[in-house]
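Below: the structure, in structure tokens.
Number of protein chains: 2
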Amino acid sequence: MRIGTLAERLRTTPHAIRFYERRGLLPVPQRADNRYRSYTEQDAERLRLLVGLRQLDLPLEQAAALAGMCTAGHCEQVSEELREAISQKREELRRRIDELQFLDRRLAHLAGQLGSGETPQAVITLGKEERDV
Amino acid sequence: MRIGTLAERLRTTPHAIRFYERRGLLPVPQRADNRYRSYTEQDAERLRLLVGLRQLDLPLEQAAALAGMCTAGHCEQVSEELREAISQKREELRRRIDELQFLDRRLAHLAGQLGSGETPQAVITLGKEERDV
DNA sequence: CTTGACATTGGAGCCGCTCTAGGGTTTAGC
DNA sequence: GCTAAACCCTAGAGCGGCTCCAATGTCAAG
Ligand SMILES: [Zn+2]
Ligand SMILES: [Zn+2]
Ligand SMILES: [Zn+2]
Ligand SMILES: [Zn+2]
Chain X
38 MRIGTLAERL RTTPHAIRFY ERRGLLPVPQ RADNRYRSYT EQDAERLRLL VGLRQLDLPL
98 EQAAALAGMC TAGHCEQVSE ELREAISQKR EELRRRIDEL QFLDRRLAHL AGQLGSGETP
158 QAVITLGKEE RDV
Chain V
38 MRIGTLAERL RTTPHAIRFY ERRGLLPVPQ RADNRYRSYT EQDAERLRLL VGLRQLDLPL
98 EQAAALAGMC TAGHCEQVSE ELREAISQKR EELRRRIDEL QFLDRRLAHL AGQLGSGETP
158 QAVITLGKEE RDV
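These protein sequence lines are chains X and V, in that order. Just so you know, we're using my numbering here: the first sequence kicks off at 38 and counts up by one. Just so you know, we're using my numbering here: the second sequence kicks off at 38 and counts up by one.
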């Protein structure tokens, strides 16, 4: 299978696949006579795992490592590490969501102040730094 | 005032300030005899606005542009543009928060499946691509 | 005088792609 | 057989917004 076909099947792009390869995150595939990359079903399966793990927003290196292990049959260990990674990611998500919601409330408040005639300087307070130093 | 002092007052770093300057987002400050950057209160005020706007997570270029305009006295217009930018940013935030919450639910579901003995491959479904093509 | 904190410059590194330039190859229709 | 579209190749730049590094210069306190 050629790179475009593989990319389409996994809803990614040839660029991304080549990028993973350059980074050493995927086994170097065979080449046809015309130098086109030629992927097996096993290659595809491994990449499918990698892409799937990336969609969980795991760091690329970790996603690639887990995909490699799993393909090599260490599914138990992958399962373990994955549970751990998921729990960490969920904590990170909770923090991030809180941040974004906080920012949203701040923006709502600001919009209100601007609407009632406050100047930008007055509104972008930042605490007028010097006061609390 | 030197760059370190200014950075501390605005809770940013000398690196960041020089970075803004290199990007042409801040007026080039005067230099002392020793070639150290020397900032006036007006410089500080302008940077304060920039930093404040960045904390609202406006794009750097836009934050810098608004800070410049405001410093130049076009506060009305800034106020207008800022309201618009805030409303757009809030939409973006809503979308982003939805995404993150969706991912969080997915992760929770996955953790459950892994806990009840499913293999990673089975769980990182991705729809087993071929089916819906 | 020495030590340490501060300043200077230019440039690399982070993340994970995405896109471009400048080629070569395959494929479908006519 | 020919042409045009769509694919493939490589190497490298670019994105945002800093952060950090190296190598060097400057200055205040003890
Ligand atoms: Zn496995
Ligand atoms: Zn208020
Ligand atoms: Zn103003
Ligand atoms: Zn289910």
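C-beta: ideal position from N, C-alpha, C; glycine also. Treat the numbers as computed from the prediction; the structure is a model and nothing was measured.
query	result
Sufficient close CB pairs (3 or more, under 8 Å) joining the region 122-133 of chain X to the region 139-147 of chain V	yes
Completely contained alpha helix (DSSP H) runs for the region 97-157 of chain V, where each covers 4 or more residues	97-108 and 112-152
Below-8 Å beta-carbon distance, I179/V vs any chain X residue	Outside the displayed range of chain V (38 to 170) lies residue 179/V, so it cannot be described from this structure.
Chain X contact for G149/V (CB, 8 Å cutoff)	no
Buried or exposed (CB count within 10 angstroms, at least 16 for buried), D80/V	buried
Status (buried if at least 16 other CB within 10 Å, exposed otherwise) for E89/X	The identity of residue 89/X in the sequence shown is Gly, whereas the question assumes Glu. The residue is buried, with at least 16 neighbouring Cβ atoms inside 10 Å.
Short Cβ contact (8 Å threshold) for S83/X with L63/X	According to the sequence displayed, residue 83/X carries Arg and not Ser. Cβ distance < 8 Å, so R83/X and L63/X count as in contact.
Closer than 7 Å: V88/X CB and nearest ligand 1 heavy atom	no
Coarse secondary structure for R68/V, derived from DSSP in three states	strand
Any 3 or more C-beta pairs closer than 8 Å across the region 46-62 of chain V and the region 97-117 of chain V	yes
Proximity test, Cβ basis, 8 Å: S153/V and chain X	no
Rounded distance between the beta-carbons of L95/X and A122/X, thought under 8 Å	6 Å
Minimum Cβ-Cβ distance from E167/V to chain X less than 8 Å	Low local confidence applies: a pLDDT of 49 at E167/V is under 50, so the model's placement there is unreliable, and no value is given.
Own chain residues within Cβ distance below 7 Å of L147/V, not counting five before or after	V160
P51/V vs S116/X beta-carbon contact at 8 Å	no
Closer than 7 Å: Q158/V CB and nearest ligand 1 heavy atom	yes
D141/X: contacting residues in chain V (beta-carbon distance under 8 Å)	R127, L130, R131 and I134
Proximal chain V residues relative to D94/X, where beta-carbon distance stays under 8 Å	L140
Range of the contiguous alpha helix (DSSP H) that encloses L41/X	It is worth fixing the name first, because residue 41/X is Gly in this sequence and not Leu. Run containing G41/X: I40 to R46, per the alpha helix (DSSP H) assignment.
Residue from D70/X, P66/X and R72/X with nearest C-alpha to E78/X	P66/X
Chain X contact for L43/V (CB, 8 Å cutoff)	no
Coarse secondary structure for R74/V, derived from DSSP in three states	strand
Where the region 91-115 of chain V meets chain X: residues whose CB sits under 8 Å from a CB there	Q92, L93, D94, L103, C107, C112 and V115
Rounded separation between R39/X and D70/X - CA only	12 Å
Reduced DSSP secondary structure (H/G/I, E/B, other) of D94/V	coil
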